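The opening residue of the sequence shown carries number 12 in the numbering used here; numbering runs sequentially from there. Below is one structure, written out as structure tokens; comments come after it.
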Amino acid sequence: MAICLLFSCGEKEVEITSSPEELRQKLSFHINELKARDGDDIKYLRKFVKKTIRERQKSLPNQLWDLPSFFLTPFGVAVNGGRAKPKDAEGMWMKFESDYTYTYGRYDKIVGSGIYHFADSDEFLLMLDHDSQIEPKLFKLLSNSEMFNFVGQPIMLIDDGTGERMLWKNFAQDGFLETVKINHQLHNGAQIVMKMNPTRPVALVQ
Numbered sequence: 012m013a014i015c016l017l018f019s020c021g022e023k024e025v026e027i028t029s030s031p032e033e034l035r036q037k038l039s040f041h042i043n044e045l046k047a048r049d050g051d052d053i054k055y056l057r058k059f060v061k062k063t064i065r066e067r068q069k070s071l072p073n074q075l076w077d078l079p080s081f082f083l084t085p086f087g088v089a090v091n092g093g094r095a096k097p098k099d100a101e102g103m104w105m106k107f108e109s110d111y112t113y114t115y116g117r118y119d120k121i122v123g124s125g126i127y128h129f130a131d132s133d134e135f136l137l138m139l140d141h142d143s144q145i146e147p148k149l150f151k152l153l154s155n156s157e158m159f160n161f162v163g164q165p166i167m168l169i170d171d172g173t174g175e176r177m178l179w180k181n182f183a184q185d186g187f188l189e190t191v192k193i194n195h196q197l198h199n200g201a202q203i204v205m206k207m208n209p210t211r212p213v214a215l216v217q
């Protein structure tokens, strides 16, 4: 596993390039499922998303609901027009921390990590894995007393004549999109319902 140390805004960040087996394990998590199409520039999108996360951390701080208080485990997953088998998600968990980092794993093993931002003012969750091979993700995050619902949203970078920016709304308004230049986009049709748990899953002893 190759590790490159990056320095940004006075903070030390780690960017990882996993081995094929490590990457396979990360991609087994439905939240990491690849959505890129031919021509999508993942390297550029990751760089843009990292900058956006840092900007939102400064302008929209500490709007985390009770997200850091729980381990989240997949309860229901819909990807590529079908539902995933519950067995595929056995032992999986995610943990979001108040310092805008997250980890994920299976039972007692940590598989991956990254940075994120969530603001309850717009309910958008932006995620960037530390692994350079994992695509950035945008979700609309909805919550009740027991579940978090991750509703996949496209990442769309547009230029309306005033410079490049990330589109947060108007995803379905084709009339608006015809008035701007779409520089980059990354689809995300996943919907993942996560259950809130006080502790991470424990493997049953056979």
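For every residue, glycine included, the Cβ atom is placed at its ideal position computed from N, Cα and C. Because the structure is a prediction, the values reported are computed rather than measured.
Cutoff 6 Å; reference residue i; Cβ partners in own chain excluding five residues on either side
| i | result |
| --- | --- |
| residue 198 | 46, 165 |
| residue 144 | 34 |
| residue 135 | none |
| residue 106 | 82, 114 |
| residue 78 | 107 |
Cβ-based neighbour list, residue i, same chain, cut-off 7 Å, excluding 5 preceding and 5 following
| i | result |
| --- | --- |
| residue 210 | 82 |
| residue 178 | 167, 169 |
Neighbour-count burial assignment, residue i, 16 or more Cβ in a 10 Å radius
| i | result |
| --- | --- |
| residue 149 | buried |
| residue 213 | exposed |
| residue 43 | buried |
| residue 168 | buried |
| residue 29 | buried |
| residue 147 | buried |
| residue 125 | buried |
| residue 123 | buried |
| residue 116 | buried |
| residue 163 | buried |
Residue nearest to residue i in terms of C-alpha spacing, selected from the options
| i | options | result |
| --- | --- | --- |
| residue 2 | 172, 116, 112, 132 | This structure cannot speak to residue 2, because the chain is shown only from 12 to 217. |
| residue 114 | 63, 172, 130, 84 | 84 |
| residue 75 | 49, 108, 63 | 108 |
| residue 62 | 206, 104, 175 | 175 |
| residue 191 | 179, 172, 101 | 172 |
| residue 99 | 119, 86, 105 | 86 |
| residue 52 | 32, 103, 193 | 193 |
| residue 200 | 159, 215, 151, 133 | 151 |
| residue 57 | 196, 206, 208 | 196 |
| residue 208 | 161, 153, 104, 188 | 104 |
| residue 65 | 130, 155, 153 | 130 |
| residue 80 | 189, 186, 159 | 159 |
Presumed contact (8 Å Cβ cut-off) between residue i and residue j, rounded CB distance
| i | j | result |
| --- | --- | --- |
| residue 27 | residue 128 | Wrong, their Cβ atoms sit about 20 Å apart, outside the cutoff. |
| residue 137 | residue 60 | 6 Å |
Neighbourhood of residue i by C-beta distance below 8 Å, restricted to the same chain and skipping five residues each side
| i | result |
| --- | --- |
| residue 54 | 143 |
| residue 132 | 71, 74 |
| residue 157 | 206, 207 |
| residue 102 | 117, 118, 212, 214 |
ask   = Where in the segment 97 to 122 do unbroken runs of the alpha helix (DSSP H), each at least 4 residues long, occur, reported from the N-terminal end onward?
value = none
query = Which ranges would you report for the beta strand (DSSP E) in the segment 122 to 202 if only whole runs of at least 3 residues count?
reply = 135 to 140, 148 to 154, 158 to 164, 166 to 170, 175 to 177, 192 to 197
query = Which residue spans inside the segment 53 to 80 form an unbroken alpha helix (DSSP H) run of at least 4?
reply = 53 to 70
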